[in-house]
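In our numbering, the protein residues as written are 153 to 291.
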């Protein structure tokens, strides 16, 4: 069994996944548009270049997403995507990249459980937690 997070965006899925691939060092495996798919006629013409399905792979794990159909988008709430990184420097780089243009909920800092931990919502509305703990690192 595999469980993957699936995010919905309000028309900016492509921009979000392009940033996530860059910041997280991932690879976009899929970026399927409505145009040319069986779903093309189910969306307005101006929506056909929006993303029907996207998949980003980072270190063997996948994050998936799409643009919500017009009028059906709801802001993301009630969860965060947690990123466990391997160093303080990586935590700082990832946090800076994701928080650019977004809103920091908790600055990246040392906590009682981690060398670095911080929370943010990126400019696309996705909530993230960035965590570096010596105990969580692979040998």
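Just so you know, even glycine gets a beta-carbon here, dropped at the ideal spot from N, CA and C.
All values reported here derive from a predicted model rather than from experimental measurement.
Asked                                                                                         : Found
Cβ shell of residue 158 (< 6 Å), same chain only, five flanking positions each side left out  : 216
Residue 209 in three-state terms, based on DSSP                                               : strand
Endpoints, alpha helix (DSSP H) assigned at residue 245                                       : 240-251
Alpha-carbon spacing of residue 255 relative to residue 278, whole angstroms                  : 10 Å
Rounded distance between the beta-carbons of residue 210 and residue 247, thought under 8 Å   : That belief does not hold up - the Cβ atoms of residue 247 and residue 210 are roughly 16 Å apart, past 8 Å.
Straight-line gap, residue 220 to residue 169 (C-alpha atoms, nearest Å)                      : 15 Å
In DSSP terms, what residue 183 is bridged to                                                 : 206
At least 3 beta-carbon pairs within less than 8 Å: the stretch 262-280 vs the stretch 189-200 : no
Collapsed DSSP secondary structure at residue 278 in the structure displayed                  : coil
Neighbour-count burial assignment, residue 167, 16 or more Cβ in a 10 Å radius                : exposed
Supposed close pair residue 182, residue 207 - CB separation, criterion 8 Å                   : 4 Å
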